[in-house]
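Engineer: Counting from 1, one number per residue, gives the positions in the sequence shown under UniProt numbering.
Below is a structure I'd like to ask you about.
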Amino acid sequence: MSAVAESPSSLAVATRTDESVVILTVEGQLDASSSPALRDMIMKTTLDQPSAVIVNVSKLHVPAESTWSSFIGVRWQVHTRPDVPIVLVCADRAAREAITRSGVARFMPVYANEKGAMKALGRLTSRTVQHADAELPANLTSLRESRRLVREWLTAWSQSALIPVALVVVNVFVENVLEHTGSVPMMRVETDGTTATIAVSDASSTPALRLPSPDKGIDVSGLAIVDALSRAWGSTPTSSGKTVWAVIGPENQL
Numbered sequence: 001m002s003a004v005a006e007s008p009s010s011l012a013v014a015t016r017t018d019e020s021v022v023i024l025t026v027e028g029q030l031d032a033s034s035s036p037a038l039r040d041m042i043m044k045t046t047l048d049q050p051s052a053v054i055v056n057v058s059k060l061h062v063p064a065e066s067t068w069s070s071f072i073g074v075r076w077q078v079h080t081r082p083d084v085p086i087v088l089v090c091a092d093r094a095a096r097e098a099i100t101r102s103g104v105a106r107f108m109p110v111y112a113n114e115k116g117a118m119k120a121l122g123r124l125t126s127r128t129v130q131h132a133d134a135e136l137p138a139n140l141t142s143l144r145e146s147r148r149l150v151r152e153w154l155t156a157w158s159q160s161a162l163i164p165v166a167l168v169v170v171n172v173f174v175e176n177v178l179e180h181t182g183s184v185p186m187m188r189v190e191t192d193g194t195t196a197t198i199a200v201s202d203a204s205s206t207p208a209l210r211l212p213s214p215d216k217g218i219d220v221s222g223l224a225i226v227d228a229l230s231r232a233w234g235s236t237p238t239s240s241g242k243t244v245w246a247v248i249g250p251e252n253q254l
């Protein structure tokens, strides 16, 4: 079964299903105006709970390499199901390297062809991704509540060793939402059994940026601390604002 949809941004997305895997083939130009529509389309595809989603971007024209990072936003859309693996297919080697440099491959592995992607899905769909979400109040009680929930969830998932760093990270993210946006923090924590990802979303489209290091002394800003303590972190646009996320692993210790 297949269908072709024209998004408002002039992207053409062909949809077909191979057993329980949904394959989206995207054509057109990916830029700041078209990426939100594509993010929403991929997110909505996960809601039907397919075993996985493959997004073939081989025919996608991406003038600015930085635009590839918009795919990360799919993982942090409010309704995206994190237990549905999303993988990318790109026939162009240079584009695959650009996707990897953008950090997307950390959340959505990229393969040279659909055959390779389908073969990899057996491993990806067998892994267990545990996750939990919470909407926090837009006041200082969120700081204590977010730390309590992170401790509770990671303990339940047998990831106690990651708790000290996770508490620092979530405190920085929630504090930044309260201080700079005034919006309600939406928190998601997930683990694949080895690493944990801490993500906090807000209603502001202004990206979270680490301030330039001072000319003298040590940079002790919140995001500088997150950068030092995590495997990777970033600020990603979503349809409702942005999500700031960090991945921590066993090597990230206090």
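The beta carbon of each residue, even a glycine, is placed where N, CA and C say it ideally should be.
#1: Do W68 and A98 have their C-beta atoms within less than 7 Å of each other?
#2: In terms of alpha-carbon separation, which member of N176, T191 and S66 lies closest to Q130?
#3: Using the DSSP secondary-structure output, state which residues sit across from Q130 in a beta bridge.
#4: What span of residues does the alpha helix (DSSP H) with D227 cover, start to end?
#5: For I23, which residues does DSSP report across the bridge?
#6: For T243, write down the residues that DSSP places opposite it in a beta bridge.
#7: As a quick exercise: from P185, A52 and K119, pick the residue whose alpha carbon is nearest that of L140.
#8: Can you have a look at Q159 and say buried or exposed, based on whether 16 or more other CB atoms are within 10 angstroms of its CB?
#9: Considering only their Cβ atoms, is the gap separating L24 from V62 smaller than 7 Å?
#10: Does the region 146-154 come into contact with the region 90-107, if we say contact requires no fewer than three beta-carbon pairs (one atom in each stretch) closer than 8 Å?
#11: Can you look up A208 in the DSSP assignment and give me helix, strand or coil?
#12: Beta-carbon separation of V174 and V244 under 7 Å?
#13: Determine the DSSP secondary structure at H61, reduced to helix, strand or coil.
#14: Taking 7 Å as the cut-off, decide whether the C-beta atoms of L254 and P164 are in contact.
#15: For C90 and A120, I'd like the C-alpha separation in whole angstroms.
#16: Suppose the cutoff is 8 Å on Cβ atoms and the five residues either side in sequence are ignored; what does the same chain contact list for D92 look like?
#17: Along the chain, where does the beta strand (DSSP E) containing L88 start, and where does it finish?
#18: Got a sec, what are the start and stop residues for the alpha helix (DSSP H) P36 sits in?
#19: What's the C-alpha gap between P8 and G28?
#20: Given V87, which residues of its chain have a CB within under 8 Å of its CB, disregarding the five upstream and five downstream residues?
#21: From which residue to which residue does the alpha helix (DSSP H) around S142 run?
#22: Do V13 and R39 count as a contact pair if the criterion is CB distance below 7 Å?
#23: Have a look at S33 and I198 and give me their C-alpha separation to the nearest angstrom.
#24: What are the residues that DSSP puts in a beta bridge with G249?
#25: Return the CA-CA distance between M1 and P50, expressed in angstroms with no decimal places.
Structural biologist: Judging by the given coordinates:
#1: yes
#2: T191
#3: T191
#4: G222 to L229
#5: R16 and I54
#6: S201 and T236
#7: P185
#8: buried
#9: no
#10: no
#11: coil
#12: no
#13: strand
#14: yes
#15: 15 Å
#16: S58
#17: I86 to V89
#18: S35 to T46
#19: With a pLDDT of only 46 at P8, under 50, the local geometry of the prediction cannot be trusted, and no value is derived from it.
#20: A52, V53, I54, V55, M108, P109, V110, Y111, A117, A120, L121 and L124
#21: T141 to A156
#22: no
#23: 28 Å
#24: Answer is none; G249 lacks a bridge partner.
#25: Interpretation of M1 is limited by its pLDDT of 47, a score under 50 that renders its predicted location unreliable; the figure taken from the coordinates is listed afterwards. C-alpha separation (whole angstroms): 14 Å.
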